[in-house]
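K.L.:
Listed below in structure tokens is the structure:
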């Protein structure tokens, strides 16, 4: 079973627009080289490197050394636990009450 801490770390790793742009670049260009990512994202190399480090630490991407370069690729299975959690967040059936039994809607939970 996936822990709440794991889900929170995955969500946190996605919580920056630059990281989402990097993931989109890698989706469109599998096996992308770091320099190409810097160019596509339009941020400083050091900034992109930090975002890549965060994504890699979360397991969302892989990086393979190819001579003096690193080729990055998505690890889509890493998002499966977060996707499953989001899919499980469905509204209650029509007419279902979300208050615990015995509580008035004006009482603090």
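In the UniProt record's numbering, the protein residues as written are 1 to 109.
C-beta: ideal position from N, C-alpha, C; glycine also.
Which of helix, strand or coil does DSSP assign to residue 62?
P.N.:
Strand, per DSSP.
K.L.:
Which parts of the region 2-90 are runs of the alpha helix (DSSP H), unbroken and 4 residues or longer, counting only runs that do not cross its ends?
P.N.:
Entirely contained in the region 2-90, the alpha helix (DSSP H) runs reaching 4 residues are, in chain order, 4-13, 17-28, 34-41, 45-57, 80-88.
K.L.:
Using only the alpha-carbon positions, how far apart do residue 78 and residue 94 sit?
P.N.:
Near 33 Å, if we compare the C-alpha coordinates of residue 94 and residue 78.
K.L.:
Please list, in chain order, all residues of the same chain as residue 6 whose beta carbon is under 7 Å from its beta carbon, the five residues on each side excluded.
P.N.:
Excluding sequence neighbours, residue 6 sits near 81.
K.L.:
Can you give the Cα-Cα distance for residue 30 and residue 69, rounded to whole angstroms?
P.N.:
Rounded to the nearest angstrom, the two C-alpha atoms are 15 Å apart.
K.L.:
Report the CB separation of residue 37 from residue 25 in whole angstroms; it is logged as a contact under 8 Å.
P.N.:
Going by Cβ atoms, the distance from residue 37 to residue 25 rounds to 6 Å, so yes, they are a contact pair.
K.L.:
Kindly give me the distance between the Cβ atoms of residue 89 and residue 23, rounded to whole angstroms, as I take these residues to be in contact under 8 Å.
P.N.:
With a Cβ gap of about 21 Å, residue 89 and residue 23 do not count as contacting.
K.L.:
How about residue 43 and residue 15: are their beta carbons less than 7 Å apart?
P.N.:
Cβ distance not < 7 Å, so residue 43 and residue 15 don't count as in contact.
K.L.:
Drop a sphere of 10 angstroms on the beta-carbon of residue 124, count the other beta-carbons inside from all chains shown, and report buried for 16 or more, exposed for fewer.
P.N.:
The chain is shown from 1 up to 109; residue 124 falls before or after that span and cannot be answered.
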